[in-house]
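A.B. asks: Residue numbers (the working numbering): 35 to 397.
Once you've had a glance at the structure underneath, I'll fire off some questions.
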């Protein structure tokens, strides 16, 4: 039997989404065409825009569809001369040119004092963007966005948050968050891969990064990926926080069973405010790669962190930013749960980890 414990990498597509995708295959028109088939395709795009705007409580016209979160992040960052961020962000943010990095606390939070110091000392604040993720994809730690918003407003600097891991797991209300830009991804909430969105407060702040047609309010040229966007909307519409309410209990059970069977295990960020579905653990003395492969053989699909590096297994930059030792960093694995995981999986998982630990550490 296989156990999927890698929801932060990608969530399974629901039957509802699959059924809608099949029906959408019959729509042949280009959304930019004015004939009947084109209008039918355009209706699908706008229906999805409405569903997503309702999902995150934003204005419909402020949803810009992209090919994914990476493109959405690039669309916003490339409009600013200076980016203030940190080493716990996605590569699409931290690989930006002219970036100032803010320190991270040992608990996994942005250092607010250092953030304010950095923002205060920027000369041209009008061309500066603060970009801090809502929740970390590796540890699940939720950033203190309320305080970050206060700093951004105090110094009149625009704020972007990558909310890819947060939506569908905690309440994300665009109007209440207080940011100017917010990134979403379809396949993280059970939609198809190949669609994402940038939510904007004021589209006049942006210029298109691609040359071409006038799609997506002149901000994202190219024919829209109809199927991916269609599924994105249905996934957002069918998503409910009720589905994840029980995940905290299941996650806590996983941690409890792990620690009961394996006293040496360290749960990273256990005392920090985290997503309900995510935890990272470490078995000192066994490499992350060995743990991951051994668990895969036992039927458990987990990861060592971000899945956006073409299968490369590298030390976690997030854990390094938190100041953890190389011994812990190189022995850490992420578990991210979803609605198909149960408490019984926790016991089976803990026993599998114990078996692996005993095999690798017996010498």
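Ideal placement from N, C-alpha and C gives every residue a C-beta, glycine not left out.
No experiment lies behind these values; they were computed from the predicted model shown.
Please work out which residues of its chain come closer than 7 Å, Cβ to Cβ, to residue 292, disregarding the five sequence neighbours upstream and downstream, and give them in chain order.
C.D. replies: Along the chain shown, read from residue 1 onward, the residue named residue 292 stands at position 258. Hits under 7 Å: 299, 315, 384, 387.
A.B. asks: Have a look at 107, 76, 58, 325 and flag the residue whose alpha-carbon is nearest the alpha-carbon of residue 362.
C.D. replies: Translated into positions along the chain shown, residue 362 becomes position 328. Checked all of 107, 76, 58, 325; the closest Cα to residue 362 is 325.
A.B. asks: Helix, strand or coil: how does DSSP classify residue 169 here?
C.D. replies: Start at 1 with the first residue of the chain shown, and residue 169 comes out as number 135. Of the three classes helix, strand and coil, the one that applies to residue 169 here is strand, per DSSP.
A.B. asks: Reducing DSSP to helix, strand and coil, say where residue 272 ends up.
C.D. replies: Numbered from 1 along the chain shown, position 238 holds the residue referred to as residue 272. Helix at residue 272.
A.B. asks: Are the segment 223 to 233 and the segment 63 to 71 touching by the rule of at least three beta carbon pairs closer than 8 Å?
C.D. replies: At 8 Å Cβ cutoff, the stretches do not touch.
A.B. asks: If you follow the beta strand (DSSP E) that residue 217 is in, where does it begin and where does it stop?
C.D. replies: Working through the chain shown from its first residue, we reach residue 217 at position 183. Segment 215 to 219, the beta strand (DSSP E) holding residue 217.
A.B. asks: Identify the continuous beta strand (DSSP E) that holds residue 369 and give its terminal residues.
C.D. replies: Start at 1 with the first residue of the chain shown, and residue 369 comes out as number 335. Here the beta strand (DSSP E) through residue 369 covers 366 to 370.
A.B. asks: With DSSP as the reference, identify every bridge partner of residue 316, one or two as the case may be.
C.D. replies: Your numbering for residue 316 matches position 282 in the chain shown. Bridge partners of residue 316: 300, 366.
A.B. asks: Applying the criterion that 16 or more other CB atoms from any shown protein chain within 10 Å of the CB defines a buried residue, is residue 125 buried or exposed?
C.D. replies: For the purposes of this step, residue 125 is identified with residue 91 of the chain shown, where counting begins at 1. Exposed is the call here.
A.B. asks: Helix, strand or coil: how does DSSP classify residue 201 here?
C.D. replies: For the purposes of this step, residue 201 is taken as residue 167 along the chain shown, with counting starting at 1. Correct three-state label for residue 201: strand.
A.B. asks: Between residue 319 and the rest of its own chain, which residues show a CB-CB distance below 6 Å, the 5 nearest in sequence each way excluded?
C.D. replies: Taking the first residue of the chain shown as position 1, residue 319 is located at position 285. The answer, listed in chain order, is 395.
A.B. asks: Mind checking residue 93: buried by the 16 CB within 10 Å criterion, or exposed?
C.D. replies: Position 59 of the chain shown, counted from the start, is the residue given in the question as residue 93. That one is exposed.
A.B. asks: Within 10 angstroms of the Cβ of residue 344, are there 16 or more other Cβ atoms? Answer buried if so, exposed if not.
C.D. replies: As a working note, residue 344 is residue 310 in the chain shown. Per-residue confidence for residue 344 stands at a pLDDT of 42, beneath the threshold of 50, marking its modelled position as unreliable; the derived number appears in the next sentence. Its Cβ having fewer than 16 others within 10 Å, residue 344 is exposed.
A.B. asks: Just reading off the beta strand (DSSP E) that residue 230 is part of, what are its end residues?
C.D. replies: Residue 230 sits at position 196 when you count from the first residue of the chain shown. From DSSP, the beta strand (DSSP E) with residue 230 extends over 230 to 234.
A.B. asks: Alpha carbon to alpha carbon, what distance is there between residue 128 and residue 217?
C.D. replies: Walking along the chain shown from the start, residue 217 turns up at place 183. Walking along the chain shown from the start, residue 128 turns up at place 94. Residue 217 and residue 128: Cα-Cα distance of roughly 15 Å.
A.B. asks: Please tell me whether residue 200 and residue 229 are closer than 8 Å, where the distance is taken between their beta carbons.
C.D. replies: By 1-based counting over the chain shown, the position of residue 200 is 166. By 1-based counting over the chain shown, the position of residue 229 is 195. In this structure, residue 229 does not lie closer than 8 Å to residue 200 by Cβ.
A.B. asks: Go ahead and pull the three-state DSSP assignment for residue 332.
C.D. replies: As a working note, residue 332 is residue 298 in the chain shown. Coil at residue 332, not helix or strand.
A.B. asks: Considering only C-alpha positions, which residue in the set 328, 297, 221 is nearest to residue 103?
C.D. replies: As a position in the chain shown, residue 103 is number 69, starting the count at 1. Nearest C-alpha to residue 103: 221.
A.B. asks: Are the segment 232 to 240 and the segment 273 to 289 in contact at 8 Å, needing three or more beta carbon pairs?
C.D. replies: No, the segment 232 to 240 is not in contact with the segment 273 to 289.
A.B. asks: Alpha helix (DSSP H) containing residue 281: first to last residue?
C.D. replies: Position 247 of the chain shown, counting from 1, holds the residue named residue 281. Residues 281 to 295.
A.B. asks: Of all the options 192, 160, 242, which has the alpha carbon lying nearest to the alpha carbon of residue 108?
C.D. replies: As a working note, residue 108 is residue 74 in the chain shown. Of 192, 160, 242, the residue nearest in Cα terms is 242.
A.B. asks: Output the boundary residues of the beta strand (DSSP E) element that contains residue 51.
C.D. replies: By 1-based counting over the chain shown, the position of residue 51 is 17. Element bounds for residue 51: not the beta strand (DSSP E) but the alpha helix (DSSP H), 49 to 58.
A.B. asks: Strictly by DSSP, which residues pair up with residue 196?
C.D. replies: Within the chain shown, numbered from 1, the residue matching residue 196 stands at position 162. DSSP output for residue 196 lists 217 as bridge partner(s).
A.B. asks: Straight-line CA distance for residue 306 to residue 178?
C.D. replies: Stepping through the chain shown from its first residue, residue 306 is reached at position 272. Stepping through the chain shown from its first residue, residue 178 is reached at position 144. Their Cα atoms are separated by approximately 11 Å.
A.B. asks: Check the DSSP bridge columns for residue 116 and list the partner residues they point to.
C.D. replies: Against the chain shown, residue 116 aligns to sequence position 82. BP columns for residue 116 point to 162.
A.B. asks: Pull the bridge partners of residue 308 from the DSSP assignment, please.
C.D. replies: What you label residue 308 is simply residue 274 of the chain shown in a count that begins at 1. Bridge partners of residue 308: 175.
A.B. asks: To the nearest whole angstrom, what separates the beta carbons of residue 239 and residue 113, a pair I think is in contact under 8 Å?
C.D. replies: Translated into positions along the chain shown, residue 239 becomes position 205. Translated into positions along the chain shown, residue 113 becomes position 79. Right, the Cβ-Cβ distance comes to about 7 Å (below 8 Å), so this counts as a contact.
A.B. asks: Under a Cβ-count criterion, where at least 16 other Cβ atoms within 10 Å of its own Cβ denotes burial, should residue 105 be classed as buried or exposed?
C.D. replies: To locate residue 105, count along the chain shown from 1; it is residue 71. It counts as buried.
A.B. asks: Taking contact to mean at least 3 C-beta pairs separated by less than 8 Å, is the segment 142 to 156 in contact with the segment 167 to 187?
C.D. replies: Contact holds: three or more Cβ-Cβ distances are below 8 Å.
A.B. asks: Which first and last residues belong to the alpha helix (DSSP H) in which residue 211 is found?
C.D. replies: Counted from its first residue, the chain shown places residue 211 at position 177. Looking at the DSSP string, the run of the alpha helix (DSSP H) that includes residue 211 is 208 to 211.
A.B. asks: Might you give, ordered along the chain, the residues of its own chain that have their beta carbon closer than 8 Å to the beta carbon of residue 244, omitting 5 neighbours on each side?
C.D. replies: As a first step, residue 244 is located in the chain shown; it is residue number 210 there, counting from the start. Result list for residue 244: 254, 255, 256, in chain order.
A.B. asks: For the segment 61 to 131, which segments carrying the alpha helix (DSSP H) assignment without a break, of at least 4 residues, lie completely within its bounds, in sequence order?
C.D. replies: Correct list: 70 to 90, 103 to 111, 125 to 128.
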